[in-house]
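Beneath this line is the structure, given in structure tokens, with notes to follow.
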Amino acid sequence: MAFIASASNGDPSKRLKTIGITGTKGKTTTTYLIKSILENAGYKVGLIGTIEVIIGDKHIPALNTTPESYVIQDYFRQMADEGCDAVVMEVSSQGLMLHRTAAIDFDLGIFTNIEPDHIGPNEHTSFEHYLECKSMLFKQCRVGIVNGDDKHVDDVLKGHTCKVEKYGLSDGNDLTAKDIEFVKGKGYLGVSFKTQGLMDIKAEADLPGIFSVYNCLCAIAVCRHFDINEENIMKALKGAKVKGRIEMIKVSDEFTLMIDYAHNAMALESLLTTLKAYDPGRLVCVFGCGGNRSKIRRYEMGEVSGRLADLTVITSDNPRFEEPLDIIKDIETGISKTEGKHISIPDRKDAIRYVINNGQPGDIIVLAGKGHEDYQEIKGKKYPMDERVLIQEILGEK
125 MAFIASASNG DPSKRLKTIG ITGTKGKTTT TYLIKSILEN AGYKVGLIGT
175 IEVIIGDKHI PALNTTPESY VIQDYFRQMA DEGCDAVVME VSSQGLMLHR
225 TAAIDFDLGI FTNIEPDHIG PNEHTSFEHY LECKSMLFKQ CRVGIVNGDD
275 KHVDDVLKGH TCKVEKYGLS DGNDLTAKDI EFVKGKGYLG VSFKTQGLMD
325 IKAEADLPGI FSVYNCLCAI AVCRHFDINE ENIMKALKGA KVKGRIEMIK
375 VSDEFTLMID YAHNAMALES LLTTLKAYDP GRLVCVFGCG GNRSKIRRYE
425 MGEVSGRLAD LTVITSDNPR FEEPLDIIKD IETGISKTEG KHISIPDRKD
475 AIRYVINNGQ PGDIIVLAGK GHEDYQEIKG KKYPMDERVL IQEILGEK
């Protein structure tokens, strides 16, 4: 089907420079960083990913990370017709396993990292199968750009047919980051570092943590393959933002507020650990959990936030067909295993109002779980709810 779809659309990938990104974490942020750098240098870039599809001025909400093959090829044709020079897309292990990207001869294939994920009856049978599916990308790209620090990188490259470039923080990679510094400003957090090897620049981004250094380094490694000068790369990284991924919203010079999609224990632990490295006055975490989903996730997220945050504000997420208070009780069960302070405020807007009105100098406040979502799902219906809008309404009240 992938090859038929490509042919029926006139093999549109041949008219585009194609960049495919696979990995457990970092795909979404890295796609936007690459798009930002390329567009800052004058390229017209399409995007396919977890949040949305972007074709020119058109933004289409995404139903899944990597669409069906005939949908991808239709998007590619539209991008080529719009005059796009390149497309950057997230390539999920499911998309590779189900051959959705089979007809694409990627110019660049990217590997960010891999951890056990998406393993279960309806996804991958084992971690080994997950690895094997990820590795398929490097048998259908010309150049593979991979995180050389990941302990499974050799497994992902097994049987590869592409030229390989490695990036990372350790010596032995083709592009490395050195002299890393965590940057704090009024209402924002960031990183700065120098690159060595394939490119020597000093970069800074308003994105916190070591994982942001990896994402930026990856984007630099990719954009090196385009005709882009160092100034364009540095300017684009400094101004790059990704909706719902450690997205900082300026509400005060006294404390930092951000929105992040972290909606499971692994992601929340990574996020809160990263933010603790910035030595906040208090680390405040606002989150809820989705209804009609595993209760284990609720216990685990409660335990993680209770252990790492100075204050947890438990609220509602997408309750679906469950009662919000029942979900909150489950989260409280997890948090009770720790000594972390917590309060429960079921209405999400009220919870956000509370943390803004009670923010203290030096606080880092995280609104976790919703990220890019602009709705709340209650009893089978999606109601408009964008945390950015809620924040502005609350600030308007003041």
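Remember, this note's numbering sits 124 above the position in the sequence shown when you count from 1.
Note that the Cβ used here is the ideal one computed from N, Cα and C, for glycine as well.
Owing to the predicted nature of the structure, the values given are computational and were not obtained by experimental measurement.
- The bridge partners DSSP lists for K287 are V267.
- Across the set P191, G309, E206 and F317, the C-alpha of E206 shows the shortest separation from the C-alpha of Y167.
- Here DSSP, grouped into helix, strand and coil, assigns F411 to strand.
- Under DSSP, the beta-bridge partners assigned to R444 are I502.
- Boundaries of the beta strand (DSSP E) harbouring D384: T380 to D384, taken from the DSSP string.
- Checking the DSSP bridge columns, you'll see Q484 has no partner listed.
- S316: member of the beta strand (DSSP E) spanning Y312 to G321, first to last residue.
- Look at Y402 here: in three-state DSSP terms it is coil, with no helix or strand label.
- A contact between stretches requires three or more CB pairs, one per stretch, nearer than 8 Å, and the segment 338–350 fails this requirement with the segment 443–460.
- The beta carbon of I488 sits closer than 6 Å to the beta carbons of T380, L399, P404 and L407 from its chain, once the five residues preceding and following it are set aside; these are given in chain order.
- Contact between the segment 362–374 and the segment 182–199 is absent: fewer than 3 CB-CB pairs across the two stretches fall below 8 Å.
- Look at I161 here: in three-state DSSP terms it is helix.
- The C-alpha of D471 lies about 6 Å from the C-alpha of T439.
- Counting along the chain, L519 sits inside the alpha helix (DSSP H) bounded by residues E511 to E521.
- The three-state reading of DSSP puts H183 in strand, counting E and B together.
- A residue is called buried once 16 or more other Cβ atoms fall within 10 Å of its Cβ, and A401, having fewer, is exposed.
- Annotated three-state conformation of E355 is helix, per DSSP.
- DSSP places V428 within a helical segment (H, G or I) once states are collapsed to three.
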